[in-house]
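Protein sequence lines correspond, in order, to chains Z and E.
The numbering used here puts the first residue of the first sequence at 673, with every later residue one more than the last.
The numbering used here puts the first residue of the second sequence at 673, with every later residue one more than the last.
Number of protein chains: 2
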Amino acid sequence: MAESSRIDGPELRADARRNRGRILVAAREVFAEHGIDAPMAAVARRAGVGVATLYRRFPTRDALVRAAFAQQMETCARALTEALSDPDPWRGFQRLIETVCKLQRQEQGFPAAFLAAFPQSMAAHAQARGRVERDLATLVRRAQAAGALRADFHPSDLGVILLAHCGLVTALPHDGAASRRLVAYLLQSFRAEAAHGTLPPPSALSLRDLPLAPESSQRQRPFRA
Amino acid sequence: MAESSRIDGPELRADARRNRGRILVAAREVFAEHGIDAPMAAVARRAGVGVATLYRRFPTRDALVRAAFAQQMETCARALTEALSDPDPWRGFQRLIETVCKLQRQEQGFPAAFLAAFPQSMAAHAQARGRVERDLATLVRRAQAAGALRADFHPSDLGVILLAHCGLVTALPHDGAASRRLVAYLLQSFRAEAAHGTLPPPSALSLRDLPLAPESSQRQRPFRA
DNA sequence: GTCGAAACGGACGGTGCCGTCCGGTTATGA
DNA sequence: TCATAACCGGACGGCACCGTCCGTTTCGAC
């Protein structure tokens, strides 16, 4: 029994495991309400746990954020796999975007986590990042070959629209209509028949570049100038 | 001479006026480098001025942010006027979006200020907000009447895309290509010929709702939970 | 040149969060 | 039941930022 946790470290005592679970639930709640910059102590209090316990399980804020939203990340990964196995290339493409955006819209705090946690977890196992990028490229090429996705769509555009959508739901956390509208507009403009004229050149963005990104880097460091 | 400043308060002494200018320049620089959450003291230091002087001129951070980006706001307002007077309704519509997005992309820190400062300045002179909303609605209706803008475009969509674009340039401050791509995609999907199928219903977003919005509200308050 | 008002800036107390330390508590296996 | 190791949590020192207070300096009118 309890064999499953052997993979990541030595066994955890029963009470410790229970507390770990409480902390993750509390973290999702607090991050949803106050953003991922909420005080660690607030998470601990909500979990009914001391600060030390929190730090013992999750030494850094990023570790907590990553663990708290690991399930959502997993959902994203699964959505990509499902998209690739959809017999209709366009529908697979469309559903991937809609699924990820729906998740960003529903799970408050996930967008910020998506931005903040991705880089490190990516840098950690670079080969996982490579696989994601390869799968995305495959998804795009397949939809283009079927004549459904416009030929000048570039895989980096996926990152662009996900970041833009993140920004939108962060600014308007309760406005699902706005999010759905944006996604609908974008999907329409990605259809092959929507291609009129030429687009500006694609971004050089790759998943590897996200680290630079958002307030994640500004949050921690005390400030130097 | 110096008549122009009579409108907002009694005359300022020469040195005071000079320092005020320095502070605004420094604020734009610091906000661009470190975001609008940068310490007030950093702005003062960069301006070669004491903290007290900074607080004397701008009692709150929001006041400083607003003043620092007033010029950019003014540019936006002018762009709206010009858009309305363009003989080609679609071109006016297109140029407004491109101008505002270009400004957001070029002036680092402006997007955040756009989000954070708009609400208050809007609430301040509600009739100015009303005018902006009316002008935007006119711009939209005019472009639709000309058969260039799709009929199901809703004025609130303008807010939606500006917020999304804000998010994008905040996440990738140095990636102009990404910003241009997003704008190009969106503009294409706004063309009347791009309308296929039906869109989800528009957001209830109006400019009046922006106040709720972003980290601006979370930044100041100490935290309650 | 003189003088009062205006402006200046450094220093300082207050606050909130971080992350560790350590004495007490509890689970677990014999 | 008991011993021990794992675990717990409050308290505490440190740090960065805020925003005001007050003695000093500078402007500019006469």
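We put the CB at the ideal spot given by N, CA and C, even for glycine.
| Is it the case that the CB of residue 704 of chain E approaches a heavy atom of the ligand ATP more closely than 7 Å? | Questions concerning the ligand ATP fall outside what the structure shown contains, since it holds no ligand whatsoever.
| task | Below 8 Å CB to CB, which residues in the same chain sit around residue 747 of chain E once its five sequence neighbours on both sides are set aside? | result | In the second sequence, the residue the question calls residue 747 of chain E occupies position 75. Here the set comprises 771, 775.
| Between the beta-carbon of residue 835 of chain Z and the beta-carbon of residue 839 of chain E, is there less than 8 Å? | The residue labelled residue 835 of chain Z in the question sits at position 163 within the first sequence. The residue labelled residue 839 of chain E in the question sits at position 167 within the second sequence. Yes, Cβ-Cβ distance for residue 835 of chain Z and residue 839 of chain E is below 8 Å.
| task | Can you tell me which of Z:758, Z:853, Z:742, Z:768 puts its alpha carbon nearest to the alpha carbon of residue 903 of chain Z? | result | Chain Z is shown from 673 up to 897; residue 903 of chain Z falls before or after that span and cannot be answered.
| task | Check the Cβ of residue 853 of chain E against every Cβ in chain Z and list those closer than 7 Å, keeping chain order. | result | Your numbering for residue 853 of chain E matches position 181 in the second sequence. By Cβ distance, chain Z contributes 829, 832, 871, 872, 874, 875.
| said: Quick check on residue 855 of chain Z: buried or exposed, where buried means 16 or more other Cβ atoms within 10 Å of its Cβ? | reply: Here residue 855 of chain Z refers to the residue found at position 183 of the first sequence. Label assigned to residue 855 of chain Z: buried.
| Using a Cβ-Cβ distance under 8 Å, would residue 775 of chain Z count as near chain E? | Position 103 of the first sequence holds residue 775 of chain Z. It does not: the Cβ of residue 775 of chain Z has no partner Cβ on chain E nearer than 8 Å.
| Residue-level contact to chain Z via CB, residue 838 of chain E, 8 Å cutoff | As a working note, residue 838 of chain E is residue 166 in the second sequence. True, the Cβ-Cβ gap to chain Z drops below 8 Å.
| said: For residue 844 of chain E, tell me which candidate among E:714, E:756, E:781, E:713 has the shortest Cα-Cα distance. | reply: For the purposes of this step, residue 844 of chain E is taken as the residue at position 172 of the second sequence. Looking at the Cα atoms, E:781 is the closest of the given residues.
| said: If you reduce the DSSP assignment to three classes, tell me which class residue 728 of chain E lands in. | reply: One-based indexing of the second sequence puts residue 728 of chain E at position 56. It is helical.
| query | Once you ignore the five residues that flank residue 714 of chain E on each side, which residues in its own chain have a CB closer than 8 Å to its CB? | reply | On the second sequence, residue 714 of chain E is found 42 positions in, with the first residue counted as 1. Only 702, 706 meet the Cβ criterion.
| For residue 850 of chain Z, which option in E:874, E:754, E:851, E:858 has the closest C-alpha, if you only look at C-alpha atoms? | For the purposes of this step, residue 850 of chain Z is taken as the residue at position 178 of the first sequence. Among E:874, E:754, E:851, E:858, the Cα nearest to that of residue 850 of chain Z is on E:874.
| field | Amino acids of chain E, ordered along the chain, whose beta-carbon sits closer than 9 Å to that of residue 847 of chain Z | value | One-based indexing of the first sequence puts residue 847 of chain Z at position 175. Neighbours of residue 847 of chain Z on chain E, chain order: 832, 875, 876, 877, 881.
| task | Could you please tell me which residues of the segment 812 to 826 of chain E, in chain order, have their CB closer than 7 Å to any CB of chain Z? | result | none
| Same chain, Cβ closer than 8 Å to residue 867 of chain Z, five either side skipped, listed in chain order | One-based indexing of the first sequence puts residue 867 of chain Z at position 195. Answer for residue 867 of chain Z: 822, 823, 824, listed in chain order.
| request: Would you be able to state if there are at least three C-beta pairs under 8 Å between the segment 725 to 736 of chain E and the segment 682 to 702 of chain E? | output: yes
| said: How far does the alpha helix (DSSP H) with residue 833 of chain Z in it extend, from its first residue to its last? | reply: For the purposes of this step, residue 833 of chain Z is identified with residue 161 of the first sequence, where counting begins at 1. Note, residue 833 of chain Z: alpha helix (DSSP H), 828 to 843.
| query | By Cβ distance below 8 Å, which residues in the same chain neighbour residue 752 of chain E in space, the five residues on each side in sequence not counted? | reply | Looking up residue 752 of chain E in the second sequence gives position 80. If we look at residue 752 of chain E and ignore the five residues flanking it on each side, its Cβ neighbours are 768, 804, 807, 808, 811.
| request: Indicate whether residue 765 of chain Z and residue 815 of chain Z have their beta-carbon atoms separated by less than 8 Å. | output: Residue 765 of chain Z sits at position 93 when you count from the first residue of the first sequence. Residue 815 of chain Z sits at position 143 when you count from the first residue of the first sequence. It is a contact, given that the beta carbons lie within the stated cut-off.
| said: For residue 895 of chain Z, would you say it is in contact with chain E, using Cβ-to-Cβ distances shorter than 8 Å as the test? | reply: For the purposes of this step, residue 895 of chain Z is taken as the residue at position 223 of the first sequence. It does; some Cβ of chain E falls within 8 Å.
| Can you tell me whether DSSP reads residue 692 of chain E as helix, strand or coil? | Position 20 of the second sequence, counted from the start, is the residue given in the question as residue 692 of chain E. The answer is helix: DSSP assigns residue 692 of chain E an H, G or I state.
| query | Roughly how many angstroms lie between the CA atoms of residue 712 of chain Z and residue 691 of chain Z, to the nearest whole one? | reply | Along the first sequence, one-based indexing puts residue 712 of chain Z at 40. Along the first sequence, one-based indexing puts residue 691 of chain Z at 19. Going from the Cα of residue 712 of chain Z to the Cα of residue 691 of chain Z covers about 15 Å.
| task | Report the rounded CA-to-CA distance for residue 871 of chain Z versus residue 826 of chain Z, giving the unit in angstroms. | result | For the purposes of this step, residue 871 of chain Z is taken as the residue at position 199 of the first sequence. For the purposes of this step, residue 826 of chain Z is taken as the residue at position 154 of the first sequence. Near 11 Å, if we compare the C-alpha coordinates of residue 826 of chain Z and residue 871 of chain Z.
| task | Report the residue from E:802, E:876, E:784, E:779 whose alpha carbon sits nearest the alpha carbon of residue 846 of chain Z. | result | Residue numbering aside, residue 846 of chain Z sits at position 174 when the first sequence is read from its first letter. Per the Cα distances, E:876.
| Minimum C-alpha distance to residue 929 of chain Z - residue among Z:869, Z:760, Z:744, Z:831 | Examination of residue 929 of chain Z is not possible in this model, given that chain Z is present from 673 through 897 alone.
| query | For chain E, is any of its Cβ atoms less than 8 Å away from the one on residue 751 of chain Z? | reply | The residue you call residue 751 of chain Z lines up with position 79 of the first sequence. Answer no: the Cβ-Cβ gap between residue 751 of chain Z and chain E never drops below 8 Å.
| query | How should residue 759 of chain E be labelled, buried or exposed, when 16 other C-beta atoms within 10 angstroms of its C-beta is the threshold for buried? | reply | Here residue 759 of chain E refers to the residue found at position 87 when the second sequence is read from its first residue. Answer is exposed; the Cβ neighbour count stays below 16.
| request: Check whether the Cβ of residue 842 of chain E lies closer than 8 Å to any Cβ atom in chain Z. | output: The residue labelled residue 842 of chain E in the question sits at position 170 within the second sequence. By this cut-off, residue 842 of chain E is an interface position.
| Backbone CA spacing between residue 754 of chain E and residue 763 of chain E [nearest angstrom] | In the second sequence, residue 754 of chain E corresponds to position 82, counting from 1. In the second sequence, residue 763 of chain E corresponds to position 91, counting from 1. Between residue 754 of chain E and residue 763 of chain E, the C-alpha separation is close to 11 Å.
| query | Are there 16 or more other CB atoms within 10 angstroms of the CB of residue 828 of chain Z, so buried, or fewer, so exposed? | reply | Mapped onto the first sequence, residue 828 of chain Z falls at position 156. Buried: at least 16 other Cβ atoms inside 10 Å.
| task | Taking residue 832 of chain E as the reference, give the member of Z:853, Z:756, Z:726, Z:818 with the closest Cα. | result | Counting from 1 along the second sequence, the entry for residue 832 of chain E is found at position 160. Of Z:853, Z:756, Z:726, Z:818, the residue nearest in Cα terms is Z:853.
| request: Assign residue 795 of chain Z to one of two classes, buried (16 or more other C-beta atoms within 10 Å of its C-beta) or exposed (fewer than that). | output: Locating residue 795 of chain Z in the first sequence gives position 123, where the first residue counts as 1. In this prediction, residue 795 of chain Z scores a pLDDT of 44, lower than 50, which makes its location untrustworthy; the coordinate-derived value is nonetheless stated afterwards. The residue in question, residue 795 of chain Z, is exposed, as its Cβ has fewer than 16 Cβ neighbours within 10 Å.
| query | Would a C-beta distance cut-off of 8 Å place residue 861 of chain E and residue 860 of chain Z closer than the cut-off? | reply | Here residue 861 of chain E refers to the residue found at position 189 when the second sequence is read from its first residue. Here residue 860 of chain Z refers to the residue found at position 188 when the first sequence is read from its first residue. Closer than 8 Å, so yes.
| query | Of all the options E:749, E:708, E:718, which has the alpha carbon lying nearest to the alpha carbon of residue 735 of chain E? | reply | Stepping through the second sequence from its first residue, residue 735 of chain E is reached at position 63. Nearest option by C-alpha distance: E:708.
| request: With a 10 Å radius around its C-beta and 16 neighbouring C-beta atoms as the bar for buried, classify residue 723 of chain E as buried or exposed. | output: One-based indexing of the second sequence puts residue 723 of chain E at position 51. Answer is exposed; the Cβ neighbour count stays below 16.
| query | What do you reckon, are the CB atoms on residue 699 of chain E and residue 740 of chain E nearer than 8 Å? | reply | One-based indexing of the second sequence puts residue 699 of chain E at position 27. One-based indexing of the second sequence puts residue 740 of chain E at position 68. Yes, the pair counts as a contact, with Cβ atoms nearer than the cut-off.
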